[in-house]
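Worksheet: the structure to be examined is printed underneath.
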Amino acid sequence: SFMLDNLSIHHPIRSKTSNTMSLKQQQTPLATAGATPGLLTQIGMAGGAAVITVTFIHPIDVIKTRIQVSAEYGKLGMFGTANKVVSSEGVSALWKGVNAAWLREASYTSLRLGLYEPCKVAFGCTTPENTTFVKKFAAGSAAGALGSLAGNPFDVLKTKMMASEAKEAPSIMKTGAELFKNQGIAGFYRGIDSNVARAMVLNGTKMAVYDQAKGMVVTATGWERKSLMTTFFSAIAAGFFMTCTVSPFDMVRTRLMNQPSDARIYNNAVDCMIKIATKEGPLTFWRGFMPIWSRFAPTTTLQLVIFEQLRGMMGMKSL
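Under the working numbering, the first residue of the sequence shown carries the number 2, and numbering increases by one thereafter.
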């Protein structure tokens, strides 16, 4: 009788505990994660993935920048520009500004990628049913804007260093000192309006298309959401649509940031857009489309593959 009473007391307790745990699991605030990760953990993983990726992709960025700032390079195309840079400045010129790129990725990309999931929650994406494409785009845009504000100074330095045609790679300290001497702190936030707009469009497109494409790939193929192939094809799709939407903003940003330290050609992003459209034609906004896509496709793929792998190692589910 004692044993039966003992069982009748403990069984409901075990059942209640089990139900409570199950309820807590169901109420996890992040719709795409099995457990709530720390904010710094997500940002750190994103930054690590971004720094590793940019080390390999930087030469394409140098070529893209040269094409955007010079009509001469624009006529040469990707391979012609690469050949001219290497022949006149050496192979190492393809990594001009890579130290500024590392700092930029550690600040800008770590935030725009690491804050995406917390921003989704802030926009009400707590279940698959209420997670719409518009909300995903809004979350990506918000994360991109925050990242851009933090990374703009390094973006300015990187752009100026990549555009330099001197045989000796410019020093990040010398470039920064010269900019500060001529324009003060404001010089490091040159092009901030176009850069924030670009970041919002870029990250909104990137994360929303990637997130949406993963669902479509899983439905069409039956692959798991965490599968490497699912990540790969979804990232390729995101890279293409990013190039289509971001190219005009990228052109304006590059022109604004590469203005001479002691002069101002464009007053702001709108003025820059008007002058480019009237003097060079609307298609100029998509000059360098191929190098931008050539950069976005592998950058997006590598970043997201590495980021997803790091999430897996931390016990988190795929985005």
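Cβ atoms here follow ideal geometry from the backbone N, Cα and C, with glycine treated the same way.
Item, Value
"Alpha helix (DSSP H) runs wholly inside the stretch 278-315, at least 4 long, in chain order", "290-314"
"CA nearest to the CA of residue 148, picked from 282, 107, 233 and 139", "107"
"Candidates 267, 312 and 252, of which the one nearest residue 321 by Cα", "As displayed, the chain neither begins before 2 nor continues past 320, which places residue 321 out of reach and without an answer."
"Neighbour-count burial assignment, residue 73, 16 or more Cβ in a 10 Å radius", "exposed"
"Close Cβ partners of residue 272 (< 7 Å) along its chain, the five nearest in sequence each way excluded", "none"
"Outcome for residue 80 when other beta-carbon atoms lying within 10 angstroms are tallied against a minimum of 16", "exposed"
"Residues of its chain near residue 85, where Cβ-Cβ distance is below 7 Å and the 5 sequence neighbours each way are ignored", "77"
"Inter-residue spacing [alpha-carbon to alpha-carbon] between residue 32 and residue 317", "Caution is warranted here: a pLDDT of 46 is assigned to residue 32, below 50, making its placement in the model unreliable, and the coordinate value is therefore given only provisionally. Their Cα atoms are separated by approximately 11 Å."
"Simplified DSSP assignment, three categories, for residue 264", "coil"
"N- and C-terminal bounds of the alpha helix (DSSP H) containing residue 199", "193-222"
"Neighbour-count burial assignment, residue 264, 16 or more Cβ in a 10 Å radius", "exposed"
"Simplified DSSP state of residue 119, which is helix, strand or coil", "helix"
"Distance, residue 215 Cα to residue 55 Cα", "24 Å"
"Stretch pair the stretch 296-313 + the stretch 56-68: three plus CB contacts closer than 8 Å", "yes"
"Other residues of its chain near residue 47: CB distance less than 7 Å, five sequence neighbours each side excluded", "110, 111, 114, 115 and 308"
"Buried or exposed (CB count within 10 angstroms, at least 16 for buried), residue 198", "buried"
"Closest Cα partner of residue 202 within the set 91, 43, 137 and 218", "137"
"Of the residues 310, 100, 217 and 49, the one placed nearest residue 156, counting alpha carbons only", "100"
"Straight-line gap, residue 160 to residue 44 (C-alpha atoms, nearest Å)", "24 Å"
"Residue environment, residue 313, which counts as buried when at least 16 other CB atoms sit within 10 Å", "exposed"
"Which listed residue (88, 91, 118 and 105) has its alpha carbon closest to that of residue 211", "118"
"Proximal residues to residue 285 (C-beta, below 6 Å), its chain only, five neighbours per side dropped", "277"
"Residue 95, DSSP secondary structure in three states", "helix"
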